[in-house]
Every structure is written in structure tokens, then in C-alpha cells.
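K.L.:
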DNA sequence: TTCTAGTTTAGAATTATTATAAACTAGAAA
DNA sequence: TTTCTAGTTTATAATAATTCTAAACTAGAA
Ligand SMILES: [Mn+2]
Ligand SMILES: [Mn+2]
Ligand SMILES: [Zn+2]
Ligand SMILES: [Zn+2]
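Chains as they are written, first to last, in my numbering: chain A, 1 to 136; chain B, 137 to 272.
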């Protein structure tokens, strides 16, 4: 139960009140050894399976947004229908499987961009992470 | 008016009946000297401004889908909210301006990927086009 | 313990897209 | 040329993801 306190402190440092909903969601997201890629739908299912305490869908949305603003999560733009999120906030690349619709991490140094165009004047590159679409 | 016949023939070779709606949309999309990047919303506005003959939104959607299947258009996955389409069907890269929400072509040889990871076994790379997000 | 700003929630609203089914039409066949 | 029908268009409904609203709740400062 020290973990709960750790999470609570982390949230407080970001100006987020450590509510029981946020702590439960944070546990689900960050208490794991490898990267977790998810959509609101998959996170909601994981949190709200019967037997466990329920959290409203609106709170799932609100909390994911709050965690993104706090820098705990990153959004991965890969699909036109659905938002994907990533607990790995470092800069890195992805495989996106068009069949299973799942993301897999690619280490940043596994992709080498030896030539990158200069952006139009007045604009700068915000993000250069590659999504490689794969299929069977 | 020979143009109309050319478009009609092109459509027929793809098994698409050259209706007046499809011909008008094709004219708007392909009768231009540079790449056109658009969303359903922008195409719909361009087609259906007052004074011109109207085409229903459903037909805009249907026609864009038909043109993609025929290989006349390509879909660019860049935003989570909205589909983007491209009259440039060759393999190439893009800048996506997060401010104006507009795509710009990058020639294929302006980006050099000197290292690309091997996809998971049983999977192959479907597409490796880079979207570089830019902003002010 | 009290108080209030921040948070959660159910449900409504919005946006992009897809489905439905009736009316219309291109063009093959008569 | 006329007839016929599969393909197409259209208004509208339905769906899916997300955002908004406003009332009830609560963390934690005072
Ligand atoms: Mn959508
Ligand atoms: Mn959306
Ligand atoms: Zn990742
Ligand atoms: Zn393009």
C-alpha cells in the first residue's frame, strides 16, 4: 500500500488530486514492466470488468487526457477511427499491425533517418516518429 | 468537352459508370497540375458551393471510396478525427502542419531511411511512408 | 469540522462516417 | 428507339468515438 502513496505523490506533483479513480487507473497503466499500448476501449474494459469497482467512461477519458497533459502518457496517431495511447513516453517508433490493430515498440535507434527534409520556413518539426504499417 | 469523354472512359475501365456526379468530382480532383490533399469536408465544400449543381454528401463519400478502390486516390492516415485523401498515388512522404491541418508532399527521395527494423515473423511491411508533424 | 474548488458521473450533444431503402439512370438488350 | 435492370444517388437514420453539461460528490486547506 506504499505504492498507492507513491502514485498519490506523483499525481500531486502534477497538480492532480489523487482520487481513487486516478490511482486505480494509474496502477493499471504504470504498474507493469513493459510498455502498454491501449485505446480508451481497451483501458475501459480492463478497468471495468465485473467484480471490480467501476469507473465511468467519462472519467476514463478525463483521466487519460489529464495524464497526457501531465506527461505520463503519449498519444500515438495511427488510426483514423480511434486514439491510441502509450505508457512509453520516450521518443520511439512503432509497428502497427493492420490485422490485429496493435502497436509494438521499435527502439529509437532501430530506425535511422539519414536524410530528412527541411520544414517550410517558419515551421519546425514537432515530431518525427515513424509508424510502420505491417500485415500478414 | 473531350475531357468529359476521357474521364468517362477512365471510369469505365475501372468498372465505374460515368455518372454526372462522378465526372464532376473527377474533374475537381484530377484536372489540376499539382497534388491535391483534401478531406471529405473540403471536397464537399468545393463541389457544393452555391451556383453549382449539388451533389449529396453520401455520394461524395461513396465516390471517394470508389476512387480509392480504383486506385485513383490514396488515403493518408495522419489525424485521428478525419480522413485525408491524396490525388498523388505514388509512394511519397508528407509534412502535416498541426496548425493549419494541411498536408504537403515530400518527394520519396527527400527522406532516406538507412535503417529499418525487420517486421515480426509472418508479417510484412505494407507501407513505409513518413508523416512529419510540423508547427510554428 | 467546515468549506469549496476540483472531480466524477450519467446522460445529452457533437462529429465523422456508414447503413438503409426508395427513387433514379446508364447502357445492354430487345 | 424503347425497355429493362443492375448500378447509382439521395435523404435520412444509425453508429461510433469523443466531448460537453450540469448536478452530485470529495480531497484537503483552513
Ligand atoms: Mn470516426
Ligand atoms: Mn472522432
Ligand atoms: Zn510505444
Ligand atoms: Zn501527398
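Glycine is no exception: its CB is placed at the ideal position from the N, C-alpha and C atoms.
1. Between B/219, B/199 and B/214, which has its C-alpha nearest residue 127 of chain A's C-alpha?
2. Give me, in chain order, the residues of the same chain whose beta-carbon lies closer than 8 Å to that of residue 271 of chain B; leave out the 5 immediate sequence neighbours on both sides.
3. Between residue 229 of chain B and the rest of its own chain, which residues show a CB-CB distance below 6 Å, the 5 nearest in sequence each way excluded?
4. In whole angstroms, what is the alpha-carbon distance linking residue 195 of chain B and residue 240 of chain B?
5. Please list, in chain order, the chain A residues whose beta carbon lies closer than 8 Å to that of residue 227 of chain B.
6. Short check: CB of residue 221 of chain B to CB of residue 209 of chain B, under 8 Å?
7. Take residue 68 of chain A and list the residues in its own chain whose beta-carbon comes closer than 8 Å to its own, dropping the five residues that flank it on each side.
8. Using a threshold of 8 Å, state whether the C-beta atoms of residue 121 of chain B and residue 202 of chain B are closer than that.
9. Determine the direct distance from the alpha carbon of residue 80 of chain A to that of residue 200 of chain B, and round the result to whole angstroms.
10. Under 9 Å, CB to CB, which of the residues in the region 196 to 218 of chain B have a partner in chain A?
11. Starting from the N-terminal end, write out each residue whose C-beta falls within a distance shorter than 7 Å of any non-hydrogen atom of ligand 3.
12. Find the nearest neighbour of residue 257 of chain B within the set A/117, A/42 and A/95, judged by alpha-carbon distance.
13. In chain order, which continuous runs of the beta strand (DSSP E) of length 3 or greater are located wholly inside the region 197 to 251 of chain B?
14. For a quick check, are the C-beta atoms of residue 183 of chain B and residue 176 of chain B less than 8 Å apart?
15. Quick check on residue 43 of chain A - is its C-beta less than 8 Å from some C-beta in chain B?
16. Do you know how far the Cα of residue 8 of chain A is from the Cα of residue 197 of chain B?
17. What does the Cβ neighbour count give for residue 158 of chain B, buried or exposed, with the cut at 16 atoms within 10 Å?
18. Does the Cβ-Cβ distance between residue 88 of chain A and residue 35 of chain A come in under 8 Å?
P.N.:
Reading off the structure:
1. Considering only B/219, B/199 and B/214, the residue with the shortest C-alpha distance to residue 127 of chain A is B/214.
2. Same-chain partners within the cutoff: 233, 234 and 235.
3. Excluding its 5 nearest sequence neighbours in each direction, residue 229 of chain B has C-beta neighbours in its own chain below 6 Å: 242, 247, 265 and 266, listed in chain order.
4. Roughly 26 Å separates the two Cα atoms.
5. The premise fails here: residue 227 of chain B is roughly 12 Å from chain A at the closest Cβ pair, so nothing lies under 8 Å.
6. Taking 8 Å as the cut-off, the Cβ atoms of residue 221 of chain B and residue 209 of chain B count as close.
7. Excluding residues within five positions, the ones whose Cβ falls inside 8 Å are 74, 75 and 85.
8. Here chain B has residues from 137 to 272 only, and residue 121 of chain B is not among them.
9. When rounded, the distance between both Cα atoms is 16 Å.
10. Along the region 196 to 218 of chain B, going in chain order, the ones with a CB nearer than 9 Å to a CB of chain A are 211, 213, 214, 215, 216, 217 and 218.
11. Cβ atoms closer than 7 Å to ligand 3 belong to A/35, A/37, A/76, A/86, A/88, A/92, A/94, A/103 and A/105.
12. It is A/95.
13. Listed in chain order, the complete beta strand (DSSP E) runs (minimum 3 residues) inside the region 197 to 251 of chain B are 210 to 212, 220 to 222, 229 to 233, 238 to 242 and 248 to 251.
14. Not a contact, by the Cβ cut-off of 8 Å.
15. It does not: the Cβ of residue 43 of chain A has no partner Cβ on chain B nearer than 8 Å.
16. Rounded to the nearest angstrom, the two C-alpha atoms are 48 Å apart.
17. By the Cβ neighbour-count rule, residue 158 of chain B is buried, with 16 or more other Cβ atoms within 10 Å of its own.
18. Closer than 8 Å, so yes.
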